[in-house]
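Asks:
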DNA sequence: GGGTTTTCTTAACCTAGATTAATGGAGATT
DNA sequence: AATCTCCATTAATCTAGGTTAAGAAAACCC
């Protein structure tokens, strides 16, 4: 498991590629995202040091996600073999819970509620990534997030 | 692993309970959902025969989801022990992929696109559950889905 | 099978957030 | 230091979908 250095803005995986890998972030910050038919980016997740980031497609299927570096990073790259999946189901269940919460929040909470939830849950990431990417993660435009923050201030 | 009979409308798990179980559906149809602060239901998933349904919280944490039966069903109930999770990571990865797609679709597709995607992916479930629950799964009101279907017809 | 409950549909109106466009600022590049 | 690119902000306008309300049609239940 040789560590690999990645420069900021470097792309590790492009949508449509095969044989997608698992990236274990030793330091720095990675991100996964899609680009839809209209050309818009949608951030799927952020992965700071200690996190694991991967496209959840089986390795023989084309990937849905791009993965790139938001900061200079060091990552371990691992193959998606069934064996390693067998050895630790716990992190998979943890990811399932995160996604379950994300789906339920997207369906039931307003943009401002989702933003406040994000800041409370990931204060570190909030400081490290551009506002527009947080907006994208939340499923709103940067303009909308900017307005929401202003209204939030005026209320308090 | 004794099978358990469940009557339609019977609730298997309530939000806030502990020691949540895994339900393997032998026949019939189960559903999981939340109720938000405003009292609105949000369907998280449907599970027809052959599917597995569970809240992804660890067993020592309170559940987020209700689980009930939409049809008379027969289910196997299993404890969430770490051992059984170890034995099959593959279904967990499959669930992750489903949720990944769900999140990306919620963020990038319109209500009508999400509906057409649902019908194409789950034609069987579309026939078996009330429209309002599909609307809830898609994150729209039943009124909106009704209008969208009408517009869809007029376009073709 | 008749009444009750639930679901679906329609329509009028309303609002959260999208779109478009313009401006200013902060970093990077030369 | 001047130029360029990216990012955040503001404001005006627009629209997808929400809300409310009411009636019709299924489905359910003694």
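Chains as they are written, first to last, in our numbering: chain A, 118 to 273; chain B, 118 to 273. Glycine included, C-beta positions come from ideal geometry on N, C-alpha and C.
Is residue 147/A close to chain B, meaning its C-beta is less than 8 Å from at least one C-beta of that chain?
Replies: It does not: the Cβ of residue 147/A has no partner Cβ on chain B nearer than 8 Å.
Asks: If you measure from the beta carbon of residue 138/A to each beta carbon in chain B, is any gap under 8 Å?
Replies: Answer no: the Cβ-Cβ gap between residue 138/A and chain B never drops below 8 Å.
Asks: If I measure Cβ to Cβ from residue 251/B and keep anything under 6 Å in the same chain, skipping five residues before and after, which residues do I get?
Replies: No residues qualify anywhere along the chain.
Asks: Are any of the Cβ atoms in chain A nearer than 8 Å to that of residue 252/B?
Replies: So no, residue 252/B is outside the interface.
Asks: Name the chain B residues that come within less than 7 Å of residue 153/A, Cβ to Cβ?
Replies: 225, listed in chain order.
Asks: Answer yes if the segment 126 to 144 of chain A comes into contact with the segment 176 to 194 of chain A, meaning at least three C-beta pairs across the two stretches below 8 Å, and no otherwise.
Replies: Yes, since at least three Cβ pairs between the segment 176 to 194 of chain A and the segment 126 to 144 of chain A fall closer than 8 Å, the two stretches touch.
Asks: How many angstroms separate the CA atom of residue 162/B from the CA atom of residue 185/B?
Replies: If you take the alpha carbons of residue 162/B and residue 185/B, they lie about 11 Å apart.
Asks: Among 205/A, 227/A, 241/A, which residue has its Cα nearest to the Cα of residue 164/A?
Replies: Minimum Cα distance to residue 164/A is reached at 241/A.
Asks: Should residue 210/A be flagged as near chain B, meaning a C-beta pair shorter than 8 Å?
Replies: Chain B, which has a Cβ nearer than 8 Å to the Cβ of residue 210/A, makes this yes.
Asks: Assign residue 127/B to one of two classes, buried (16 or more other C-beta atoms within 10 Å of its C-beta) or exposed (fewer than that).
Replies: Burial call: exposed.
Asks: Alpha helix (DSSP H) containing residue 222/A: first to last residue?
Replies: It spans 207 to 225 - the alpha helix (DSSP H) in which residue 222/A sits, taken as one unbroken run.
Asks: Look at residue 253/A and residue 158/A and say whether their C-beta atoms are less than 8 Å apart.
Replies: Yes, Cβ-Cβ distance for residue 253/A and residue 158/A is below 8 Å.
Asks: Please confirm if residue 157/A has its CB atom under 8 Å from at least one CB of chain B.
Replies: So yes, residue 157/A belongs to the interface.
Asks: Tell whether a beta-carbon distance below 8 Å holds between residue 255/A and residue 228/A.
Replies: A contact, by the Cβ cut-off of 8 Å.
Asks: Since I believe residue 142/B is in contact with residue 166/B (beta carbons under 8 Å), could you give me their beta-carbon distance rounded to a whole number of angstroms?
Replies: Yes, residue 166/B and residue 142/B are in contact; Cβ-Cβ is about 5 Å, under 8 Å.
Asks: So, is residue 220/A buried or exposed, given that buried needs 16 or more other C-beta atoms within 10 angstroms?
Replies: Burial call: buried.
Asks: Since residue 185/A is in the beta strand (DSSP E), which residue starts that stretch and which ends it?
Replies: Here the beta strand (DSSP E) through residue 185/A covers 183 to 186.
Asks: The alpha helix (DSSP H) that contains residue 263/B, what's its start and end?
Replies: Here the alpha helix (DSSP H) through residue 263/B covers 259 to 272.
Asks: Do you know offhand how far residue 132/A's Cα is from residue 264/B's?
Replies: When rounded, the distance between both Cα atoms is 34 Å.
Asks: In whole angstroms, what separates the C-alpha of residue 174/B from that of residue 144/A?
Replies: Residue 174/B and residue 144/A: Cα-Cα distance of roughly 28 Å.
Asks: Please name the residue, chosen from 172/B, 243/B, 155/B, 246/B, that lies closest to residue 196/B on a Cα-to-Cα basis.
Replies: Among 172/B, 243/B, 155/B, 246/B, the Cα nearest to that of residue 196/B belongs to 172/B.
Asks: Can you tell me where the beta strand (DSSP E) holding residue 140/B begins and where it ends?
Replies: Start and end: 139 to 144.
Asks: Alpha carbon to alpha carbon, how far is residue 120/B from residue 191/B?
Replies: One C-alpha to the other measures close to 6 Å.
Asks: Cβ closer than 7 Å: which chain A residues qualify as neighbours of residue 219/B?
Replies: Going along chain A in sequence order, the residues near residue 219/B (Cβ under 7 Å) are 220.
Asks: Going by the CB atoms, is the gap between residue 149/A and residue 182/A shorter than 8 Å?
Replies: In this structure, residue 149/A lies closer than 8 Å to residue 182/A by Cβ.
Asks: Return the chain-ordered list of same chain residues with a C-beta closer than 8 Å to the C-beta of residue 215/B, the five sequence neighbours on each side being excluded.
Replies: Around residue 215/B: no qualifying Cβ.
Asks: Measuring only the C-alpha atoms, how far is residue 258/B from residue 273/B?
Replies: One C-alpha to the other measures close to 23 Å.
Asks: Do we get a CB-CB distance below 8 Å when we pair residue 228/B with the residues of chain A?
Replies: Residue 228/B does not count as touching chain A.
Asks: Output the distance between the C-alpha atoms of residue 205/A and residue 154/A, rounded to the nearest integer angstrom.
Replies: When rounded, the distance between both Cα atoms is 36 Å.
Asks: Does any C-beta atom of chain B lie closer than 8 Å to the C-beta of residue 161/A?
Replies: Chain B, which has a Cβ nearer than 8 Å to the Cβ of residue 161/A, makes this yes.
Asks: Taking residue 254/B as part of the beta strand (DSSP E), name the residues at either end of that continuous run.
Replies: Taken as a continuous stretch (DSSP letters only), residue 254/B belongs to no beta strand (DSSP E), being part of the alpha helix (DSSP H) at 248 to 255.
Asks: Does any residue of chain A have a CB that is nearer than 8 Å to the CB of residue 118/B?
Replies: Answer no: the Cβ-Cβ gap between residue 118/B and chain A never drops below 8 Å.
Asks: Looking at residue 209/A and residue 223/B, is the spacing between their C-beta atoms short of 8 Å?
Replies: No, they are not a contact pair.
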